[in-house]
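Enquirer: Quick one: the structure is below, questions incoming.
See below:
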């Protein structure tokens, strides 16, 4: 999967090299994406200050996670897939509970991120 300046998230067919799904909904560039293949979910980070959760099979946006005050640069999943971590230009790392869809902690420490 990938994200781009066209504000979309794309899933790709590795065998054919073609895009198999195009997901639209972000209001800005998509900086990062992460796939949870077990749950068939894709998470995307954007300069619209949001993270979106997508159904990888249908391409539908399931929800928007909001809580960052600036562009969201990165996302990664915990090993068990229950938490999502986001890196934001507001110099914080967000910890998200994916079952509840809520921001449970914002950690500060970076500067000029």
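Numbering (our numbering), first residue to last: 5 to 117. A virtual CB, placed ideally from N, CA and C, is assigned to each residue, including glycine.
Counting Cβ pairs, one atom from each stretch, are 3 or more of them under 8 Å apart for the segment 75-85 and the segment 35-44?
Expert: yes
Enquirer: Hey, quick one: how far does the beta strand (DSSP E) through residue 66 stretch, first residue to last?
Expert: 65-70
Enquirer: Are the Cβ atoms of residue 6 and residue 30 separated by less than 8 Å?
Expert: no
Enquirer: In or out: residue 98 buried (at least 16 other Cβ within 10 Å) or exposed?
Expert: buried
Enquirer: By alpha-carbon positions, which one of 84, 71, 85 ends up nearest to residue 111?
Expert: 71
Enquirer: Quick check on this structure: which residue in 52, 58, 84 has the alpha carbon closest to the alpha carbon of residue 27?
Expert: Checked all of 52, 58, 84; the closest Cα to residue 27 is 58.
Enquirer: I believe residue 55 touches residue 90 by the beta-carbon criterion, under 8 Å. Please report the beta-carbon distance rounded to the nearest angstrom.
Expert: 6 Å
Enquirer: Would residue 88 and residue 60 qualify as a contact pair, given that the criterion is a beta-carbon distance under 8 Å?
Expert: no
Enquirer: Quick check: what's the CA-CA separation for residue 113 versus residue 92?
Expert: 12 Å
Enquirer: Any idea if residue 46 is buried or exposed, counting beta-carbon neighbours within 10 angstroms, 16 or more meaning buried?
Expert: By the 10 Å Cβ count, residue 46 comes out buried.
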